[in-house]
Amino acid sequence: MNSKRNDRIATGVIYLLVGIVILLLVGIIGNILISGVPHLSWHFLTSASSSFEAGGGIRDQLFNSLYLLILTLLISLPIALGAAIYLAEYAKDNWVTQLIRTTIEILSSLPSIVVGLFGYLLFVVQFGLGFSIIAGALALTFFNLPILTSNIEEAIKGVPQTQREAGWALGLSNWKTIRGIVLPAALPGIITGIILSAGRVFGEAAALIYTAGQSGSTVDYSNWNMFSPTSFLNVMRPAETLAVHIWKVNTEGIIPDVTVVSAATSALLVIVVIIFNFGARALGNWLYNRLTAAKIK
Amino acid sequence: MSKKEQDLQEVVEQAIAQQKVPHVKIKGIDPHSIDIARLTKPSKETRQERWGKGLTALAILLIGILIVSIIGFVGSHGLATFFTDKVNIFHFLFSTDWNPSAGPNHVGAAAMIVTSFAVTLLAALIATPFAIAVALFMTEYESGKKANLLQSVMELLVGIPSVVYGFLGLTVVVPAVRTVFGGTGFGILTATLILFVMVLPTITSLTVDAFKAVPKELRKSSAALGATQWQTIYHVVLRAARARIMTAIIFGMARAFGEALAVQMAIGNAVLMPYNLVSPAATLTSQLTSQMGNTVMGTLPNNALWSLALLLLIMSLVFNFLVHLIGKKS
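Line by line, the protein sequences give chains R and C. In terms of numbering that gives the first Met the number 0, the first sequence is numbered consecutively and its last residue is 296. In terms of numbering that gives the first Met the number 0, the second sequence is numbered consecutively and its last residue is 329.
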């Protein structure tokens, strides 16, 4: 019974490979969390980073990451939403649409370092913005646009066609139907898509090294004047994010507690990604149940 | 009043004059109360429609402009090496002499090109069997809770930032490679192992889609012929999903080729032709990451780096093109 034996061997090999992968997954996530979480203290999260002594925190990096994330979403969401609506509702099936789709695919597969360097060329050098939060947010927008667009498009396409027909039957224009019926129905999916893309943006570093910069300036958290150079809200100041901080201390840093700082920061990043990943689905499902009569298991 | 509006006026007048259904009373409508100008103007709904369509088309246009300007900007800077600084393009592609600050005869990127391809191909080579096994496990062997759990952990793996992988590489893989193979621990092998983990989820999830797209009837027919599960998988499922598995591998390779920070942290960053897997090397991305800040805009060393970026961009386009080619063929 050759074939039976082969079947058993193949099954064995497949289970072996899967076992190795599971060990790898558990090992990676376990390693990050176990080596990092013990160093995550309130002090670490709320004190400024140090450039040469041990014991520095990540307060500014944490704020910069969140601030950049919010700015990026503010810029990219309207564009992605518009593009997704066009692709899902208006685009005819012809070569122009095909070209647009190919363009978005290309944009999504561009290496993030290339996107970052383009941002550097255009904003930092050409427009003279220097290393600044706004340049970083724009670079992250480019990085975020394709994925956000396709996430939102999926959500919009998931709305049943009968809902649109109901709108048209009431004499609404296509646009009114989209705004009043399709978008609210697609909202849970859209929000899930936004949060998933936010997770990617939060951990991105390659696109930021040459746009938002690798150093932080002194910031004053009580200065609410956006145009003051020391204000934490100033978009023209250079800003180092959590991910860039890990890269920086490991490649160029001279602080003695590199491993501790990077392990703790890595753990924080991974925890945030886990929260984003599972939170996105949970929130999406909850919204779906709240906003519609349908139930999903 | 234009000719068209006059015609319309006539038609309306005729229609009212010929109105012959006696029980329908048209109150207040006589030929002169019809506002032809209003009839020919677009309705409120049409205006809304135009506004919405225009607004969303603008967003698309913006993305189009973006991609064109990325290619334009990176292209013009990358080509400056060849047109302004007169570097021979064959020299750039095939020479291993990389020292751009010494002049245009020392701009050879072959070492980085070879290293980039080496880490990409090796990572894909290692990841593919694992990805196929996991995908088979999730679609053919288990499809309930276990598969879902594995799937969500895989998705988590995609979400882990690349610097975290780089840091793990530095603290786990580098010492391990150093202990086992000697040397510094930095090199192609280390980068490959990190990239393997990074592309594994990408290839796996696309391969799962490929297997799910194979019709159930094919499996059932095969089973009805008395084939074992492995025979069905090997002769039917894998064969039917071949094109999409190829696509999955190419997507994984594109990700590996463009990965910058994780590789830069683990490969050692020495622009040398790699002669073994554990000696320090440099990829296109790692060189860009570590050197862009050290050069002055517009000088030859800077332009040479932009040429590397252009090469990355072109390879990204090539990977896209390959995916389309495979999609068309199947």
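Ideal Cβ placement from N, Cα and C applies to all residues, glycine included. Predicted model only: the values in this text are computed from it and were never measured.
For Glu-12(C), the enclosing alpha helix (DSSP H) starts and ends at 2 to 16.
Proximity of Pro-160(C) to chain R, defined by a Cβ-Cβ separation below 8 angstroms, is satisfied. C-alpha of Val-95(R) to C-alpha of Ile-62(C): approximately 14 angstroms in a straight line. Around the beta carbon of Leu-73(R), fewer than 16 other beta carbons lie within 10 angstroms, which makes this residue exposed.
Bridge pairing for Gly-267(C): Ala-280(C) [DSSP].
Runs of the alpha helix (DSSP H) spanning 4 or more residues and lying entirely within the stretch 94 to 124 of chain C do not occur at all.
Per the Cβ contact rule, the stretch 198 to 213 of chain C is in contact with the stretch 129 to 144 of chain C (3 or more Cβ pairs under 8 angstroms). Asp-6(R) sits buried, since 16 or more C-beta atoms from the chains shown fall within 10 Å of its C-beta. Listed as beta-bridge partners of Ser-230(R) by DSSP are Asp-219(R).
Taken in chain order, the whole alpha helix (DSSP H) runs of length 4 or more contained in the stretch 149 to 178 of chain R are 160 to 168, 173 to 176.
Residues of the stretch 238 to 253 of chain R with a Cβ closer than 7 angstroms to any Cβ of chain C, in chain order: Ala-242, Ile-245, Trp-246, Asn-249, Thr-250. Per DSSP, the continuous alpha helix (DSSP H) segment holding Ala-281(R) begins and ends at 257 to 290.
Excluding residues up to 5 positions away in sequence, Val-259, Ala-262, Ala-263 lie with their Cβ nearer than 7 angstroms to the Cβ of His-38(R) in the same chain. The beta-carbon distance between Leu-188(C) and Val-277(C), rounded to whole angstroms, is 5 angstroms. This is short enough to meet the 8 angstroms contact definition. Using a Cβ-Cβ distance cut-off of 8 angstroms, the stretch 167 to 177 of chain C and the stretch 235 to 254 of chain C are not in contact, since fewer than three pairs of beta carbons, one from each stretch, lie closer than that value. Straight-line measurement puts the Cα of Asn-233(R) at about 35 angstroms from the Cα of Lys-52(C). For Ser-149(R), the closest Cβ of chain C is not nearer than 8 angstroms.
Annotated as distal: Leu-167(C) and Ala-205(R), with beta-carbon spacing of 8 angstroms or more. For Glu-9(C), no Cβ of chain R is located within less than 8 angstroms of the residue's own Cβ. Taking 4 residues as the minimum length, the stretch 47 to 72 of chain C contains no alpha helix (DSSP H) run wholly inside it. Here Ala-242(C) carries a helix assignment [DSSP, helix/strand/coil]. For Ile-69(R), the enclosing alpha helix (DSSP H) starts and ends at 58 to 84.
For Phe-93(C), no Cβ of chain R is located within less than 8 angstroms of the residue's own Cβ. Cβ contact annotation for Phe-226(R) (same chain, cutoff 8 angstroms, sequence separation greater than five): Asn-233, in chain order.
Close to chain R, meaning a Cβ-Cβ distance shorter than 9 angstroms, are the following residues of the stretch 158 to 189 of chain C: Gly-158, Ile-159, Pro-160, Ser-161, Val-162, Val-163, Tyr-164, Gly-165, Phe-166, Leu-167, Leu-169, Thr-170, Val-171.
Comparing alpha carbon positions, the residue from Ser-149(R), Tyr-14(R), Leu-65(R), Gly-283(R) closest to Ile-190(R) is Gly-283(R). Secondary structure of Glu-251(R) (DSSP, three-state): coil. For Val-196(C), a Cβ of chain R is located within less than 8 angstroms of the residue's own Cβ. In this structure Gly-35(R) does not touch Ala-47(R) by the C-beta definition: roughly 20 angstroms separates them, more than the 8 angstroms allowed. Taking 8 angstroms as the upper bound for CB-CB distance, Gly-107(C) and Ser-94(C) are in contact here, some 3 angstroms apart. Leu-106(R) and Tyr-209(R) do not touch by the CB rule: their CB atoms are close to 19 angstroms apart, not below 8 angstroms.
Within the stretch 105 to 117 of chain C, no residue has a Cβ lying closer than 9 angstroms to any Cβ of chain R. Tyr-164(C) counts as buried, since at least 16 other C-beta atoms from the protein chains shown sit within 10 angstroms of its C-beta. Secondary structure of Pro-145(R) (DSSP, three-state): helix. In chain order, Leu-120 make up the part of chain R whose C-beta sits under 8 angstroms from the C-beta of His-76(C).
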